[in-house]
Each structure stands twice: as structure tokens, then as C-alpha cells.
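Report on one structure; see the data block that follows.
2 protein chains.
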Amino acid sequence: MLPSVSEMTDSDVGERGGKRERLVSAAAELLHRQGVQATTLQQIAEAARVPPGNVYYYFKTRDDLVRAVVDTRAQEIAEVLDALVRRPNPRSRLKALARTWSDQRDLIAESGCAIGSLCMELNKQDRDLGRQSTQLFNPLIEWVGNQFHEMGRSDYSDLAVTYLSTVEGASLLANDLRDPEVLARQIRLLEKWIDALE
Amino acid sequence: MLPSVSEMTDSDVGERGGKRERLVSAAAELLHRQGVQATTLQQIAEAARVPPGNVYYYFKTRDDLVRAVVDTRAQEIAEVLDALVRRPNPRSRLKALARTWSDQRDLIAESGCAIGSLCMELNKQDRDLGRQSTQLFNPLIEWVGNQFHEMGRSDYSDLAVTYLSTVEGASLLANDLRDPEVLARQIRLLEKWIDALE
DNA sequence: GTCTATAAGATGATAGAC
DNA sequence: GTCTATCATCTTATAGAC
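Chains as they are written, first to last, in my numbering: chain V, 54 to 251; chain P, 54 to 251.
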């Protein structure tokens, strides 16, 4: 079994020329833009500048590559959340997190939220891949819930769902309407809502 | 060109044994449960009890069948919205529409919102099929916006997006968490929000 | 008018060459 | 250790039988 990205040493990466990482990176982008099912290994290999068919040297199956993309997304989320703990209070942390969506409004209007659309597609798979999506939303729900809890709200769990529902729903509509400003406006309203909470 | 479902007379249906309708109905359910890309014509034909390969007698291409499913969903939406005009005021109409989602909470927790997930997948297609999704959300946004407008709100457009964002986002999270009550709770909060608006 | 057999093409995966 | 050639399978689509 090959080591995961996080387990690889620098020398491993050097020996392979970073091809595994290029594959995961190219796959992440293509799965976001085209969808999981619509993207072929050939397209991923081409985008990563790796010989087609050679993907199987780095990943045992196609599902394994998809799993690696999910792991990478989960890691990105963890990094974003970790960076926010520097902020002084839960209110400003929640608003800063929301702004990571409006900052990406152009991309989201074009291809939807990378997390939300990935989850939705994984949730339709009946294989074990299907339950991998919890890696993405669960940490977010817990983190957001913790912020509301710190604010002294006993209904922190419902508030976390409301928060993420707004963000994901607005991303879906902005994508469907191909209008980044739809997302920007909803995030602004979400910030007001956070400020208005006691 | 074959007549669409709405244009078919009873005798047409009788002669065909309703196979076209069975195909669209089976396709709609499978696209919802498995996704557009993951569903094959064989699966649809089998579910509709129509000989495999015979699908092309009723639909010129696979995309045409998907289009028929989208048309059917759009028609379903129109029917639901039409039925709501009997209600006395915009506030009760908005709450009644929201309840159509919580009424389907078990199905949505299992497979997501039929409209939202269909839109998300269509939005990733670069063919002309991709822009068909506007048939689904546009009428909803306009109708919901009209209700807020009748309530005297000048920001009716933003409110309509907030309303649908909440519903679609909550459906996505309920699906990911496999928890119908998540959706039910968010719809209850949405109803309170509607009541609280001036 | 209805359906079967099959073509044509693409995709995931493997075996083995370099 | 890296990559190429190829297989087996599946899927859309068509031609033509009944």
C-alpha cells in the first residue's frame, strides 16, 4: 500500500516527481468542475501530465483516487478552521469562515461549492465511498456549533445547521443562476444575522 | 418527433401501453436516487419493464430522456405552486410551500432534494442540457419572490433566495447526515422566520 | 408499430515490457 | 521503479427482423 500524501516524506515526493500529488490535484479540480461520475481517468491523467493508464501505479482503483480527493478536501477544511482560531471571538470567527465562501464567489457561481457538490454526489453512491462525505461536513458542523456554544447559545446545534444550510443553499442557487453576487449578498445577510444574535 | 406527455391523447397512451410515461417515471426516480450520470439506460428500461435498447423508440437520445425528466419535474413544481394560490395570504402560502419539503423529509434524507440534486448535476454538464436546470429554480424563485412582494417587502428578491437557500441547504445537510429531523427542524425555523417578518 | 441483435465507442483495469 | 499495450466490460446507439 502506498503512503498517503500526509505520510509521504520529501524524498518520496522527489523520487516520484510529485506525480501522485499532481493526480490528486488535477482530480480535485475536475471532480469539482465536471462532477465525480462525469470525469474519466484519462482526463485526470492528461490534466496531471501523467501517461494514461499509469494512474494505477499510484492508485489501486478509481475509487481510491476519489477517496484521496476527499481526504485532501477534508485536510483543506481542517487548515482553514485551524487558521481561524487566532481570531479574538466566536462571532468574528464565524463571519470570517462565511467570507471564505464569498471570497470564492466567482468559482462557486461557475462550478458550485466544492464541498457541497462533492458531498451530494458521494451521497448518491451506494458503495462504501458513499459514506466518505461525512469527513467533510461533520468537522464543519462541529466547529461552527462550537462557536455558537461559546456564544452561550444552547441551540448551538440547530444554529450550526442553519449557518451551513444558508452557505450551501446560496452556493447552489448562485451556481444555478450563474451569479456570484447572489452568494455575496446572502453571506452579507448571514453576517448580519450573526451580529444580531444575542 | 413524438408528442410530449402533456400533448398525448388517451388513445396514444393506450396504444403504447403507457411505456413512454413509465420510462420517464422510472428515469425520474433513478436519477434522483443514483444521480444522472450514474444511471444507465438499461437500468431505466428494466425499472420501467421495457425491453432494453427499445428506449430509442421513445427517445432519440439519452439526453432527450433526461430532458423529459426535467420537464416532468418542472410540471410537478408548477402544479404544487398552482395549488397554493387557494390559500388566503402570501405568508400562509410560503409556509405551506416550505412544508412540502418537510413532508418529504424521509425521502430527502435518503436521496436529497429531487430538484436541488438534479440542478447541481445539470449545472456541471457543458452541453445544452446544462442550462435546462433554470426551468426548475427560476419559477420557484419568481413565485416565492412574488409572495414576499405581496407582503410589501422591497427586498423580495433577496428574501426569495434566502428562503430557497435555507430549504435546499437543509435538504443537503439532512441527506448527508441521513437525518430527516434536521430538515424538519430547519423548516420549522423557516416558518418562524416568515412569521417574524413585518 | 414494436422489439431484438448487434455495432461502435469508451472506460476501468491488468499484464508485462522497458 | 516506471510506463505501454491491450483486455474485458459496459454503454449508447442503430439496423433491421418480426
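All C-beta atoms, glycine included, are put in the ideal place defined by N, C-alpha and C.
For residue i, which residues in the same chain have their Cβ closer than 8 Å to its Cβ, ignoring the five residues on either side in sequence?
i              : result
Q90 (chain V)  : E174
L189 (chain V) : V123, R126, A127, I130, I168, L171 and C172
V235 (chain P) : A162, A223, L226 and A227
T153 (chain V) : V133
V77 (chain V)  : V58, L118, A121, V122 and T125
R146 (chain P) : L137, V138, R140 and Q200
P105 (chain P) : L94, Q95, A98 and E99
E68 (chain P)  : Confidence at E68 (chain P) is low in this model, with a pLDDT of 45, below 50, so its placement is unreliable and the value that follows should be read with caution. If we look at E68 (chain P) and ignore the five residues flanking it on each side, it has no Cβ neighbours.
G183 (chain V) : L175, N176 and K177
R231 (chain V) : A162 and E163
Could you give the C-beta distance for residue i and residue j, rounded to a whole number, given that I count them as a contact under 8 Å?
i              : j              : result
I168 (chain V) : R102 (chain V) : No, I168 (chain V) and R102 (chain V) are not in contact; Cβ-Cβ is about 27 Å, not under 8 Å.
K177 (chain P) : Q87 (chain V)  : 6 Å
Q239 (chain V) : V214 (chain P) : 6 Å
L94 (chain V)  : R115 (chain V) : 6 Å
P233 (chain P) : D159 (chain P) : 5 Å
D208 (chain V) : T187 (chain P) : That pair is no contact at about 36 Å.
Taking Cβ-Cβ distances shorter than 8 Å, what residues in chain P pair up with residue i?
i              : result
V220 (chain V) : G222
K177 (chain V) : R86, Q87, G88, A91, S164, G165 and S170
Can you list, in chain order, the residues of its chain with a C-beta nearer than 7 Å to that of residue i? Leave out the 5 residues immediately preceding and following it.
i              : result
K148 (chain V) : E244 and I247
P141 (chain V) : none
A151 (chain V) : V220, I240, L243 and E244
Q96 (chain V)  : L83
A252 (chain P) : Past the boundaries of the shown model lies residue 252 (chain P); chain P is included only from 54 to 251, so the question cannot be answered.
N199 (chain V) : none
L193 (chain V) : I130 and L217
A100 (chain P) : A79 and L83
Q210 (chain P) : For the record, residue 210 (chain P) in the displayed sequence is Ser; it is not Gln. Correct list, in chain order: G198.
D181 (chain P) : none
Strictly below 8 Å CB to CB, what residues from chain V border residue i?
i              : result
R238 (chain P) : D211 and V214
L242 (chain P) : D211 and T215
Using a Cβ-Cβ cut-off of 6 Å (strictly less than) and excluding sequence neighbours within five positions of residue i, which residues of its own chain qualify?
i              : result
G222 (chain P) : none
F112 (chain V) : L118
V197 (chain V) : A213 and Y216
H85 (chain P)  : S164 and A167
P143 (chain P) : Q200, E203 and M204
T92 (chain P)  : L83 and L84
K72 (chain V)  : V103
A249 (chain V) : none
F108 (chain P) : For clarity, residue 108 (chain P) is Val in the given sequence; the question names Phe instead. Taken in chain order, the residues that qualify are L94 and A98.
A237 (chain P) : S155 and R158
E195 (chain V) : none
List, in chain order, every chain V residue whose beta-carbon is nearer than 9 Å to that of residue i.
i              : result
F190 (chain P) : L225, L226, D229 and L230
Show which residues of chain V have a CB atom less than 7 Å away from the CB atom of residue i.
i              : result
L217 (chain P) : G222 and L226
Under 9 Å between beta-carbons, which chain P residues line up against residue i? List them in chain order, please.
i              : result
S145 (chain V) : Going along chain P, no residue has its Cβ under 9 Å from S145 (chain V), so there is no contact; the nearest lies around 23 Å.
List, in chain order, every chain P residue whose beta-carbon is nearer than 7 Å to that of residue i.
i              : result
S186 (chain V) : D229
E174 (chain V) : G88
V235 (chain V) : V214
I'd like to confirm something about residue i: is its beta-carbon nearer than 8 Å to some heavy atom of the ligand ADP, or not?
i              : result
G198 (chain V) : Ligands are entirely absent from the displayed structure, and the ligand ADP is therefore not among its contents.
Ignoring anything shorter than 4 residues or poking outside the segment 111-167 of chain P, list the alpha helix (DSSP H) runs there in chain order. Listed in chain order, the complete alpha helix (DSSP H) runs (minimum 4 residues) inside the segment 111-167 of chain P are 115-137, 143-156 and 158-164.
Ignoring anything shorter than 4 residues or poking outside the segment 204-238 of chain P, list the alpha helix (DSSP H) runs there in chain order. List check, alpha helix (DSSP H) in window: 209-230.
Please give the ranges of any alpha helix (DSSP H) in the segment 62-107 of chain V, keeping only runs that are unbroken, at least 4 residues long and fully inside the region. For the alpha helix (DSSP H) assignment, the uninterrupted runs of no fewer than 4 residues enclosed by the segment 62-107 of chain V are, from N- to C-terminal side, 63-69, 72-87 and 94-100.
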